[in-house]
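Notes for the one structure printed next.
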Amino acid sequence: MINEHKNLSDFDTINEHSAEGMRVGIVLAEWNPEVTQSLYKAAKETLEKYGAKVLTIKVPGTVELTFGAKHFIQNSNVNAVIVIGCVIQGETRHFDYVCNSITEGITALNLKYDIPVIFGVLTTNNQQQAIDRAGGKYGNKGIECAIAAIKMAKIEII
């Protein structure tokens, strides 16, 4: 759990994060752009810093992220996919349906294909919580997702 004692952007910067030769797809939801653009920028910059080539698909909202990820897996030669979105609790149950849909969709893709799909979707109670995790006081989850994508693309049994 992220709190004032854990920053999303803290990780070891050792050579294990090298992404030379990797291709990573990012599927970016256009909904809540003030948050998703910040997550995207941090993820892209981190991946490029470690040598990955970044490809991007934009989709209208969070529910569409699953289709975008599947499109990357089936139609491009990527080593990993990151989905980036933001769902903020509102007054209706729509939040629950969107969060369940994206969680189940990404889990299904991870089980079906041998390409890791990294869950970079913020699901927060309010706008401030999202901002705090997209470059605010808790760092930027986009960086965390980039590192997870590199590590998962290089997963091995030891």
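For the sequence shown, the numbering used here assigns the number 155 to the last residue and increments by one with no breaks.
Positions of the beta carbon are idealized from the N, C-alpha and C atoms, including for glycine.
- Collapsing the DSSP output to three states places residue 152 in coil.
- Judged by pairs of C-beta atoms under 8 Å, the segment 19 to 26 touches the segment 48 to 55, as three or more such pairs exist.
- Nearest C-alpha to residue 107 among 131, 67, 126: 67.
- The way I'd put it, the segment 30 to 42 does touch the segment 126 to 143; three or more beta-carbon pairs between them come closer than 8 Å.
- Sequence-distant Cβ neighbours of residue 121 in its own chain, meaning closer than 6 Å and more than five residues away, are 85, 127.
- Residue 82 is a Cβ neighbour of residue 28, given a cutoff of 8 Å.
- Taking the C-beta atoms as reference points, residue 136 is found no nearer than 8 Å to residue 79.
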